[in-house]
Amino acid sequence: MADSSPTAEPDPHFIGWYPIPQAFARFLLPIATALLGGVVVAAGVFALKQRAPGTGHWEDESTTSYEGVLIAEPYAMIRVPAGDLSAPPETVFLVEEDKYGAKSRAQSLDGRPVRVSGTLLHRDGRR
Amino acid sequence: MSVTYAPVKWNRNKRIYDAFIAAGVVGYLAVFLAVGALVWTGEQALSAPILLMPALGTCALVMLHDVLSVGPLARLDRRFIPLVYNRRHLGVATFLVAFGHAAVALGYYHGFGDLNPFDSLLSIPGTLPFEWFGVAALGILFVMAATSHDFWQKTVGPSTWKWLHMSVYPAYGLLVIHVLLGALGSEPSLLYPAVLGAGFVTVASLHLAVGLHERRKDHGLLAAPSPTRVPLEMQAEWLDIGSVDEIPENRAKVVCLPGRERIAVFKYAGRVSAVTNVCAHQRGPLGEGKIVNGCISCPWHGWEYRPQDGCSPPPFEEKIATYRVRVEGRRILLDPTPLPPGTAVEPARFEEYT
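Which chain is which? The protein sequence lines are W and X, in order. Quick note on this note's numbering: the first sequence kicks off at 1 and runs consecutively. Quick note on this note's numbering: the second sequence kicks off at 128 and runs consecutively.
Written out as structure tokens, the structure is:
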């Protein structure tokens with residue numbers, strides 16, 4: 001049988017463990033390079049165009065206290081009467097470290113007047 | 128092909144291929160994280176997990192589009208075939224990036240609470256939360272990555288393996304739903320749905336183009352004057368499939384017969400042999416391969432078969448079906464009944480022009 005080189009031009013044939021035929025390499029190298037550049041640019045655009053996350057910060061530097069009525073359900077919160085009695089009370093949600101919420105601690109005091117101290121979290125202008 | 132299994136049989140082409148994958152993934156993630164950290168600062172600064180989740184998720188989706196596009200591109204233009212050769216590494220890398228996305232999302236959104244993160248994932252309210260589509264897709268990608276090695280292809284058989292790995296299409300569909308119902312549900316920018324739509328249209332168009340291309344080829348073969356029935360012998364129905372002069376040296380003509388597998392008729396060194404067009408490895412199109420050093424070499428992964436008996440050269444043991452051929456004048460006559468894989472058939476000889 002006649003032997004033939006898989007990389008011989010003008011009828012090249014790719015075999016993984018042989019060097020890639022020149023015609024294939026000349027064709028693929030610019031495409032692969034452009035693809036690499038394209039995905040990197042796309043990554044930048046995708047990151048840039050993400051939805052604005054909004055503002056938020058933890059008031060770590062100080063402790064704030066509220067006096068009001070504690071409500072445990074459906075989420076732990078305190079209803080703080082406004083200075084002006086005609087205004088509705090302010091509601092402040094209560095959380096603890098991690099994602100355990102404050103419900104378990106609040107349940108025994110549900111509906112009772114309490115004084116709560118802690119760190120304020122701000123998110124999009126709300127506390 | 129090899130007689131023993133190794134995690135990866137490295138060669139120069141695989142190293143170059145994987146270097147491109149690594150450069151793409153690292154470059155994508157680095158740019159996404161850097162731009163995200165530079166753009167969103169101060170009170171709008173994003174935490175590392177919140178930046179990492181979309182970076183890994185979009186990266187995996189881009190990679191999956193590449194995985195799905197490589198096959199059709201190689202059928203349309205054989206210069207893309209080197210991209211098919213190591214496609215499994217791209218697939219495994221895609222799974223790993225997708226797994227990273229899932230791990231960060233699970234830890235961030237479902238960790239640090241009363242419930243185990245997996246219980247929390249299963250307790251999401253709603254009939255079909257978008258997260259579950261992502262989990263299902265990841266499960267499919269995991270099975271594909273875990274069975275991507277030739278050991279599994281050999282163990283479960285090429286047809287089962289091929290069908291198993293066709294499940295990349297349901298995985299893609301599930302991921303599109305996951306993204307549509309999830310990330311895109313809260314993104315006001317039209318960029319993301321536009322890019323996802325463009326990706327879907329590209330993948331679908333490439334597959335459609337290949338389908339039409341193959342159909343045209345098959346219909347062209349069927350519509351041509353040959354093959355015609357030539358009752359040369361009572362015991363066999365021979366088909367005239369064309370002239371030896373139609374076939375380039377060391378290449379094949381693919382014969383398409385209704386209701387049968389395609390047949391690859393190779394011409395080499397004054398001889399003609401016919402074998403099934405389907406490679407025993409990953410069902411690659413042998414007829415698009417070439418005779419190299421006396422063996423048919425599959426265009427996808429270079430698996431080799433002797434044209435005269437369909438056997439891989441020792442020490443390999445793969446076998447494919449062969450067909451009886453004869454040459455009358457310069458016409459090639461083919462008996463379309465497949466012989467058991469590995470059956471030796473005397474090649475038909477013809478006079479070469481000098």
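A virtual CB, placed ideally from N, CA and C, is assigned to each residue, including glycine. Note that the structure is predicted; figures quoted are calculated from it, not measured.
Which partner residues does residue i have in the DSSP bridge list?
i: SER370/X; result: ARG458/X
i: PHE207/X; result: Its beta-bridge partners do not exist; DSSP assigns none.
i: PHE222/X; result: Bridge partners of PHE222/X: none, in fact.
i: CYS438/X; result: LYS446/X
i: THR64/W; result: GLY118/W
i: THR91/W; result: ARG79/W
i: LYS417/X; result: SER424/X
i: GLU431/X; result: SER424/X
i: HIS57/W; result: HIS122/W
i: ALA401/X; result: VAL392/X, TYR450/X
i: LEU466/X; result: THR449/X
i: ARG343/X; result: BP columns for ARG343/X are empty, so no partner.
i: ALA475/X; result: VAL399/X
i: PRO412/X; result: VAL405/X
Name the chain X residues whose beta carbon is nearer than 9 Å to that of residue i?
i: LYS49/W; result: GLU314, SER316, LEU318, TYR319
i: PHE93/W; result: Within chain X, no residue comes near PHE93/W; the closest Cβ sits about 16 Å away, beyond 9 Å.
i: GLY44/W; result: VAL158, PHE159, ALA161, VAL162
Can you tell me whether DSSP reads residue i as helix, strand or coil?
i: LYS289/X; result: helix
i: GLY118/W; result: strand
i: TRP259/X; result: helix
i: PHE327/X; result: helix
i: HIS334/X; result: helix
i: ALA391/X; result: strand
i: LYS103/W; result: helix
i: ALA527/X; result: Here chain X comprises residues numbered 128 to 481, so residue 527/X is not present and cannot be evaluated.
i: ARG202/X; result: helix
i: ALA72/W; result: coil
i: VAL152/X; result: helix
i: ALA157/X; result: helix
i: PRO244/X; result: helix
i: VAL166/X; result: helix
i: HIS237/X; result: helix
i: TRP279/X; result: helix
i: LEU173/X; result: coil
i: LYS380/X; result: strand
i: PRO30/W; result: helix
i: PRO113/W; result: strand
i: SER294/X; result: coil
i: LEU317/X; result: coil
Closer than 7 Å by beta-carbon distance: list the chain W residues that pair up with residue i, in chain order.
i: HIS305/X; result: Simply none; closest approach about 16 Å.
i: GLU170/X; result: THR55, GLY56, HIS57
i: ARG214/X; result: Within chain W, no residue comes near ARG214/X; the closest Cβ sits about 11 Å away, beyond 7 Å.
i: PRO209/X; result: PHE14, ILE20, PHE24, LEU28
i: ASN243/X; result: Ordered by position in chain W, no residue passes the 7 Å Cβ test against ASN243/X, which lies about 12 Å from the chain.
Leaving aside the five residues before and after residue i along the sequence, list all residues of the same chain whose C-beta is less than 8 Å from its C-beta, in chain order.
i: ASN377/X; result: PHE393, LYS394, TYR395, LYS417, ILE418, VAL419
i: ARG105/W; result: ALA76, GLU96
i: ASN192/X; result: With the sequence shown as reference, residue 192/X is identified as His, and Asn is not the correct amino acid for it. Taken in chain order, the residues that qualify are GLY326, THR329, VAL330.
i: ARG214/X; result: VAL194, VAL197, GLY198
Once you ignore the five residues that flank residue i on each side, which residues in its own chain have a CB closer than 6 Å to its CB?
i: MET361/X; result: Residue placement at MET361/X cannot be trusted, given a pLDDT of 46 that sits under 50; the coordinates are not used to answer.
i: PRO244/X; result: LEU233, HIS237, GLY238
At a CB-CB cut-off below 8 Å, which residues of chain W make contact with residue i?
i: GLY240/X; result: ASP98, LYS99, TYR100
i: ARG206/X; result: ALA23, PHE24, PHE27, LEU28
Leaving out the 5 sequence neighbours to the left and right, which residues in its chain are closer than 7 Å to residue i when beta-carbon positions are compared?
i: VAL337/X; result: PRO199, ARG202, LEU203
i: SER482/X; result: Since the first residue of chain X shown is 128 and the last is 481, residue 482/X is not available in this structure.
i: HIS228/X; result: MET180, LEU183, GLY184, ALA187
Which residues in chain X sit within 7 Å of residue i, going by Cβ to Cβ distance?
i: SER32/W; result: Sequence check: residue 32/W is Ala here, not Ser. Those within 7 Å of ALA32/W in chain X are PHE147.
Just checking: is the beta-carbon of residue i within a distance shorter than 7 Å of some beta-carbon in chain C?
i: PRO297/X; result: Reference to chain C is not applicable here, since the protein chains of this structure are W and X.
For the stretch 401-429 of chain X, enumerate the residues whose C-beta is nearer than 8 Å to any C-beta of chain W, in chain order. GLY416, LYS417, ILE418, VAL419, ASN420, GLY421, SER424, PRO426, HIS428, GLY429: these are the residues of the stretch 401-429 of chain X whose beta carbon lies less than 8 Å from some beta carbon of chain W, given in chain order.
Quick one: which residues of the stretch 436-461 of chain X get their C-beta closer than 7 Å to a C-beta of chain W? List them in chain order. none
Return the residues of the stretch 65-91 of chain W that lie within a Cβ-Cβ distance of less than 7 Å from chain X, sorted by chain order. Residues of the stretch 65-91 of chain W with a C-beta less than 7 Å from any C-beta of chain X: none at all.
With 7 Å as the C-beta to C-beta threshold (strictly closer), list the residues of the stretch 97-123 of chain W near chain X in chain order. ASP98, LYS99, TYR100
Would you list, in chain order, the members of the stretch 181-193 of chain X that have their beta-carbon closer than 8 Å to a beta-carbon of chain W? PRO181, ALA182, THR185, CYS186, VAL189, ASP193
For the stretch 147-178 of chain X, which residues have a beta carbon sitting closer than 7 Å to at least one beta carbon of chain W? Cβ contacts with chain W: PHE147, ALA150, GLY151, GLY154, TYR155, VAL158, PHE159, VAL162, GLY163, VAL166, TRP167, GLU170, GLN171, LEU173.
Name the residues in the stretch 8-20 of chain W whose C-beta lies less than 9 Å from a C-beta of chain X; which are they? In summary, the residues of the stretch 8-20 of chain W whose CB is separated from some CB of chain X by less than 9 Å are ASP11, PRO12, HIS13, PHE14, ILE15, GLY16, TRP17, TYR18, PRO19, ILE20, in the order they occur in the chain.
Please list the residues of the stretch 241-269 of chain X that have a C-beta atom closer than 8 Å to any C-beta atom in chain W, keeping them in chain order. ASP241
Contacting positions in the stretch 361-382 of chain X - beta carbon closer than 9 Å to chain W: PRO375, GLU376, ASN377, ARG378
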